[in-house]
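Only one structure is covered here, and it is reproduced in the block below.
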Amino acid sequence: MINLISPQRDMVTSAIKTIETIADDIPIFDSSESDSNGYPQIIISTGSTGDSQRAKNEQRSSYTLYVDYFDTVDNDHGLMMDTCFSIREYLKYLRLSSYNCSSVAFNQVEVIDNSTDQSLRHVTITMDYNITEKSFI
């Protein structure tokens, strides 16, 4: 029997590897790691796995990946937007190690966050995927 990692873990791991090729000078964290106070930084996470509307025997195939990109407002906004565009384009074709994955939708929202001691730009990129198990014959 093959032990597969969960689709969520596979998505986060694959997304980190992909984004590292685009933004190799920006620290990237997954949601289980503590982030630093240094900016810019990127945090990768997945949506909640709980779904009370689903039948017990129904397979889940729709998953969401969140990319939160933080930078100070004083840094180059154009560079941040270029990086976000590249991240979106590369994540449309995300390849997972143990699953088949196809991108079905994305969204991007930018806000100014003044809740810290410095003003931050916070861009959230949301990527929706259909994920199915690879069949081995």
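Its first residue numbered 1142, the sequence shown is counted upward by one per residue in this note's numbering.
The C-beta atom is built at its ideal place from N, Cα and C for all residues, glycine as well.
Quick caveat: nothing in here was measured; it's all calculated off a predicted structure.
- Taking the CA atoms as reference points, residue 1264 sits about 8 Å from residue 1208.
- Of the residues assessed, residue 1165 falls on the exposed side of the cut-off, its CB having fewer than 16 other CB atoms within 10 angstroms.
- When the Cα atoms are used, residue 1275 and residue 1235 turn out to be separated by approximately 15 Å.
- With a beta-carbon spacing of about 5 Å, residue 1202 and residue 1271 fall inside the 8 Å limit used to define contacts.
- In the DSSP annotation of this structure, residue 1257 is not part of any alpha helix (DSSP H), being labelled neither H nor E.
- At the C-beta level, residue 1181 and residue 1215 stay beyond 9 Å of one another.
- Per the coordinates, the alpha-carbon of residue 1251 lies some 32 Å from the alpha-carbon of residue 1146.
- For residue 1153, there is no enclosing beta strand (DSSP E); the residue is part of the alpha helix (DSSP H) that begins and ends at 1148-1163.
- Under DSSP, residue 1213 forms a beta bridge with 1261.
- Secondary-structure assignment with DSSP links residue 1186 through a beta bridge to 1207.
- Out of 1253, 1255, 1260, 1243, the CA that lies nearest to the CA of residue 1269 is found in 1243.
- Shown here for residue 1168: same chain residues with a beta carbon closer than 6 Å to its own, the five before and five after excluded, namely 1182 in chain order.
- Classified as buried, residue 1185 has 16 or more neighbouring CB atoms from the shown chains inside 10 Å of its CB.
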